[in-house]
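>
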Amino acid sequence: MKTSVLVKLATQSIRKNKMRAALTMLGIIIGVAAVIVMMAVGFGARSRIRAQINNLGTNMIVITPGAAQQGGVSQGAQAFPNLSLEDVEKIRREAQVVTAVTPVVVTRTQVIGDAGNWRTMINGVDTDYQVIRDWQTSSGDFFAPEDVASMRKVAVLGKTVADQLFPGTDPVGQEVQIRNVPFDVVGVLAAKGQTASGSDSDDVVLIPHTTMKAALSGRSFLPQILASTASESDIPAAQEEIAVLLRESRETEDFTVRNQNDLAEAAEGSTKVMTLLLAAIASISLLVGGIGIMNIMLVSVTERTREIGIRLAIGARGSDVLTQFLVESIVMGVLGGLIGLAIGMIGSKVLGHFTGWETVISPVLMFIAVAFSGAVGVFFGYYPARKAAALHPIEALRYE
Amino acid sequence: MNVIRTEQLVKTYTSGTNEVHALRGIDLTIARGELVAIMGTSGSGKSTLMNLLGCLDTPTSGSYELDGVRVEGLDRNALAKIRNEKLGFVFQGFNLLPRTTAVDNVELPLLYDRSGQKRDSRALAIAALERVGLGERLDHQPSELSGGQQQRVAIARALVTSPALVLADEPTGNLDTHTTIEVMALFQELNDEGVTIVLVTHEPEVAVYAKRIVEVRDGRIVRDEPVKNRRLAADDLGKVAA
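Protein chains in written order, with this note's numbering: chain A, 8 to 407; chain B, 29 to 270.
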């Protein structure tokens, strides 16, 4: 029998029992819709995290003090003051692929401005910081290399800090006090939004790291060095280069060099697990839907025993009957999958609309969902179909 | 040229330790163009004989040749092919597919055809329905047709493959007298055109329309003779109507 004829027969038989077919497909529909919504939310969260990580900067490389051991006891990351300004200078001087590098010194303290005071993060950085983080100013300018060299007390405010201390006015040219030291505001940064961990990237004040060391902290070790390359393809080479340079000046490998992708993957890890978990739970309903198909197909075989008898009597082979019932359950599976896909797409749009979550449905996911529901049809339709094909024509014809 | 030739056809059913001898050795030869009525009471073995002749079942022993093909020992698929190509069935309960139009029902055997010959199955189905006088009812479903019309759809389905033999199992069992005669008139007409027909019936009133009567009792043929005062259904139709 031709495939087109088989599909025609199957759809005929589904049309003859519309209500029952609809109820049977409901299990698959709900299952596929649930999987689609869960995956859409999961992928949405991941693409959002990816965007936030990319927001950190362009082609960024992060160097942090690594785990150190003392008498066999691991002290954990950043336990030792083992990154220094000398390391930064060495990288700046000797690295070929690295185009920008800056130390980052951090302290948290109160900042006083016109409208009041605000506790925020003070980052002591070099001018390269602006390039690495790809961070424009919305007003004024970033401080200049001379400011760093001569330890000038100048500050660039993040958007949040500017809004808190100088609501409604331009802070450039005004003065803030950081730990009772007056700083001239030279610029305000453009808004960057949330970080991957959910904190506010704009809640920050940038000052020259030299000023930071002299006027505020006095500490000489660096919790972080940032670097970047001209193009993304240079990143692995730059990472290797930095590692080699840092190794020259120390005995133990007590630092870690990571790029943006590493950070993104780490941040995505938990979302990935969560997405898979949700999808696994949702696919249980797909399984239940498959069992529903099997159940109805079994009832259908019993109910249509006489029809099977007629078909066998007029010359259908066992394999014809098997294929007919199998195609019927595949058609139900695929049809249910398509409807479920449509509902899932609408559902994730609606969910995204009300919760503000980003939802992403990839074509691959759509294809897998429909193909999988077809496979469910094959798997759960095979046993009833084989039962139908094994019927003896005489007994089937006599069946009341 | 024989359509059917059986030699010592035996069918024994075993249920547990019980052996039921349904057929105890049937020798039957039916030539092309015959219209034979196989008669017998319930339990005589006529249904078993019908199943064997219809290739729906295989004999315990003996041989059966249908239209020049030896049937005994063939597997399920080969039997299905023979049923499809050489046989047309008409059943007592019509056995049409429910909720399926007349023309779809009649087309069905052609869809299962594996001989590979290119035929316009739709056109053949329509021609067969026109042949039995239902050209106006192509798109009616069985539930929208009378018993006589349903049986004529079934006859059209049996004819559509131009089979070597039409097997009718109690074809008038569910019909009233008038419709019975109508259906028998159709069978006689088809037979006159050269279709070989075997009727299985327990009603002598139906058997008189055949050309030859074969009576089965206790699994054996006890009578095999031409019908003496054969009636023409077309004539009787006028009388019943009047």
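Positions of the beta carbon are idealized from the N, C-alpha and C atoms, including for glycine.
Any beta carbon from chain A within less than 8 Å of B/V242's own beta carbon?
Judged by the 8 Å Cβ criterion, B/V242 is not in contact with chain A.
> Would a check of beta-carbon distances place B/N112 closer than 8 Å to chain A?
Yes, because at least one Cβ of chain A sits closer than 8 Å to the Cβ of B/N112.
> Can A/T278 and A/R53 be called in contact, C-beta distance under 8 Å?
Yes, they are a contact pair.
> Count the other CB atoms, across all protein chains shown, that sit within 10 Å of the CB of A/T282; report buried if there are 16 or more and exposed otherwise.
Classification of A/T282: buried, given that the 10 Å Cβ count is 16 or more.
> Among the residues of its own chain, which have a CB less than 8 Å from the CB of B/V48, if the five just before and after it don't count?
T40, Y41 and T42, listed in sequence order.
> Could you please give the first and the last residue of the uninterrupted beta strand (DSSP E) stretch that includes A/A162?
First-last of the beta strand (DSSP E) with A/A162: V161 to L164.
> Could you round the C-beta distance between B/P87 and B/N112 to whole angstroms and report it? I think they count as a contact, below 8 Å.
About 20 Å; that fails the 8 Å criterion.
> Using a Cβ-Cβ distance cut-off of 8 Å, determine whether B/R127 contacts chain A.
Interface residue, yes.
> From this set, B/G163, B/A106, B/G144 and B/K109, which residue's C-alpha is nearest B/V134's C-alpha?
For B/V134, the nearest C-alpha among the options comes from B/G163.
> Answer with buried or exposed for A/G175, where buried requires no fewer than 16 other C-beta atoms within 10 angstroms of its C-beta.
It counts as exposed.
> Taking the Cβ atom as the reference point for each residue, do A/G120 and A/G194 lie within a distance shorter than 8 Å?
Their beta carbons are not under 8 Å apart, which means A/G120 does not touch A/G194 by this criterion.
> By Cβ distance below 8 Å, which residues in the same chain neighbour B/Q216 in space, the five residues on each side in sequence not counted?
Cβ within range, chain order: L63, Y237, L260, A261 and A262.
> Contact check, A/L348 vs A/A392 under 8 Å by CB: the rounded distance?
The Cβ separation is near 25 Å, so there is no contact.
> Using the rule of at least 16 other Cβ atoms within 10 Å of the residue's Cβ for burial, across every protein chain shown, is A/F332 buried or exposed?
Per the 10 Å Cβ criterion, buried.
> Please name the residues in the stretch 9-28 of chain A whose beta-carbon is closer than 7 Å to at least one beta-carbon of chain B, in chain order.
Listed by position, the residues of the stretch 9-28 of chain A near chain B (Cβ gap below 7 Å) are V12 and K23.
> How would you write the range of the beta strand (DSSP E) that B/H20 sits in, first residue to last?
In the structure displayed, chain B extends from 29 to 270; residue 20 of chain B sits before or after that span and is not available.
> Tell me whether the beta-carbon of A/Q231 lies closer than 8 Å to the beta-carbon of A/V111.
Yes, these two residues count as a Cβ contact at 8 Å.
> Run through the DSSP bridge pairs and tell me what A/D191 is partnered with.
Looking at the DSSP assignment, A/D191 forms a beta bridge with A/V161 and A/E182.
> Could you pull the start and end residues of the beta strand (DSSP E) that A/I129 belongs to?
First-last of the beta strand (DSSP E) with A/I129: N124 to V132.
> Would you give the residue range spanned by the alpha helix (DSSP H) that B/T224 belongs to?
Careful: B/T224 lies outside any alpha helix (DSSP H) and carries neither H nor E.
> In the stretch 308-327 of chain A, which residues sit with their C-beta less than 8 Å from some C-beta in chain B, listed in chain order?
Here the close residues are R313, E314, G316, I317, R318, L319, A320, I321, G322, A323, R324, G325, S326 and D327.
> Using a Cβ cut-off of 9 Å, which residues of the stretch 373-405 of chain A contact any Cβ in chain B, in chain order?
Here the close residues are H399, P400, I401 and L404.
> Taking the Cβ atom as the reference point for each residue, do A/Q267 and A/N130 lie within a distance shorter than 8 Å?
No.
> Can you check whether the CB of B/G71 is closer than 8 Å to the CB of B/L51?
Taking 8 Å as the Cβ cut-off, B/L51 and B/G71 do not qualify as a contacting pair.
> Under 6 Å Cβ to Cβ from A/I350, same chain only, skipping five residues before and after it: list those, please.
The answer, listed in chain order, is A40.
> Thinking C-beta only, is A/R186 closer than 8 Å to A/T134?
Cβ atoms of A/T134 and A/R186: not closer than 8 Å.
> Roughly how many angstroms separate the alpha carbons of A/P72 and A/F262, rounded to a whole number?
Approximately 4 Å, taken between the alpha carbons.
> Are the stretch 217-230 of chain B and the stretch 138-148 of chain B touching, with three or more C-beta to C-beta distances below 8 Å?
Cβ pair count under 8 Å is below three, so no.
> Give the DSSP-derived three-state secondary structure of A/Q59 in the structure shown.
Three-state result, A/Q59: helix.
> Take B/V160 and list the residues in its own chain whose beta-carbon comes closer than 7 Å to its own, dropping the five residues that flank it on each side.
For B/V160, where only same-chain residues beyond five positions count, the Cβ hits under 7 Å are R180, I183, A184 and L214.
> Please list, in chain order, all residues of the same chain as A/T208 whose beta carbon is under 6 Å from its beta carbon, the five residues on each side excluded.
A quick correction: the sequence has Ser, not Thr, at residue 208 of chain A. Hits under 6 Å: K199 and T202.
> Locate the beta strand (DSSP E) running through A/I368, then write down its first and last residues.
No beta strand (DSSP E) holds A/I368; DSSP gives it neither H nor E.
> For A/I315 versus A/G388, is the C-beta distance shorter than 8 Å?
No, they are not a contact pair.
> Is B/H49 helix, strand or coil by DSSP?
In the structure shown, B/H49 sits in a strand (DSSP, three-state: E or B).
> Can you confirm whether B/A165, when its beta carbon is compared against all beta carbons of chain A, has any partner nearer than 8 Å?
Looking at the sequence provided, one finds Arg at residue 165 of chain B rather than Ala. It does not; no Cβ of chain A falls within 8 Å.
> Output the distance between the C-alpha atoms of A/L30 and B/I58, rounded to the nearest integer angstrom.
Cα to Cα, A/L30 sits roughly 53 Å from B/I58.
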